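**Student:**
In my numbering, the protein residues as written are 50 to 216.
(1) If we cut at 8 angstroms on Cβ distances, does residue 96 have a partner in chain C?
(2) Run through the DSSP bridge pairs and tell me what residue 171 is partnered with.
(3) Which residues bound the alpha helix (DSSP H) around residue 195?
(4) Report buried or exposed for residue 116, applying the criterion of at least 16 other Cβ atoms within 10 angstroms of its Cβ.
(5) Whole alpha helix (DSSP H) runs in the stretch 107-176 with 4 or more residues, listed along the chain?
(6) Using CA atoms only, rank isn't needed, just tell me which of 155, 166 and 203 is closest to residue 181.
(7) What three-state label does DSSP hand residue 90 in the structure shown?
(8) Keeping to the same chain, check which residues put their C-beta closer than 8 angstroms to that of residue 198; ignore five residues upstream and five downstream.
(9) Report yes if the CB atom of residue 195 is closer than 8 angstroms to the CB atom of residue 100, and no otherwise.
(10) Any idea what DSSP makes of residue 78, helix, strand or coil?
(11) Can you check which of these residues, 146, 190, 208 and 103, is closest to residue 134 by C-alpha distance?
(12) In whole angstroms, what is the alpha-carbon distance linking residue 95 and residue 126?
(13) CB-CB under 6 angstroms to residue 72, same chain, minus the five flanking residues each way: which ones, in chain order?
(14) If you compare alpha carbons, which of 129, 52 and 185 is closest to residue 153?
(15) What would DSSP say about residue 207, mapped onto helix, strand or coil?
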């Protein structure tokens, strides 16, 4: 868990780890590799959701993932696997634009899972969700961690981190 008040640098730290921002001082590593120097060697092993997920609103969840899977060289069968993993199969053929915020977050998680990353980074993934959506996202993240993936979650809410993080 990465915990801190709004404006404390959580998102900036995540952006530095992903090579989306450059540190003005200090040193960062991910999977034992220097960032940004070695990032091309490890970025394929990292999945992340930073800020709001963006998908084509008129396409279904499945179609959005199909396009993404094709673009990163993953087989179409991988789409069904990740939809199952985030419990979104029943709604996979609905237009993304009709999804609730929680469903949009789960689709974004599914998109990050397409390439089978070892490390997942989620920047305040439950912001704006209702209690059911928060529960679903927490359960998804905990399940991913229990399956052996490293999951980094940022939040400004201590109780959020306490419920899902083990360090």
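Built from N, CA and C at the ideal position, the CB exists for glycine as well. Note that the structure is predicted; figures quoted are calculated from it, not measured.
**Tutor:** Once the coordinates are examined:
(1) The question asks about chain C, but that chain is absent: this structure has only one protein chain.
(2) Partner(s): 98 and 202.
(3) 180-195 is the extent of the alpha helix (DSSP H) around residue 195.
(4) By the beta-carbon neighbour count (other beta carbons within 10 angstroms, threshold 16), residue 116 is exposed.
(5) Correct list: 110-120, 126-134 and 150-162.
(6) The residue with the shortest Cα to Cα distance from residue 181 is 155.
(7) Residue 90: helix per DSSP, three-state reduction.
(8) So the qualifying residues of the chain are 166, 167, 168 and 169.
(9) Taking 8 angstroms as the Cβ cut-off, residue 195 and residue 100 do not qualify as a contacting pair.
(10) The answer is strand: DSSP assigns residue 78 an E or B state.
(11) Of the listed residues, the one whose Cα sits closest to residue 134 is 190.
(12) One C-alpha to the other measures close to 21 angstroms.
(13) For residue 72, the CB contacts under 6 angstroms within the same chain, skipping 5 residues up- and downstream, are 65 in chain order.
(14) Of the candidates 129, 52 and 185, the one whose C-alpha sits nearest the C-alpha of residue 153 is 185.
(15) Three-state result, residue 207: helix.
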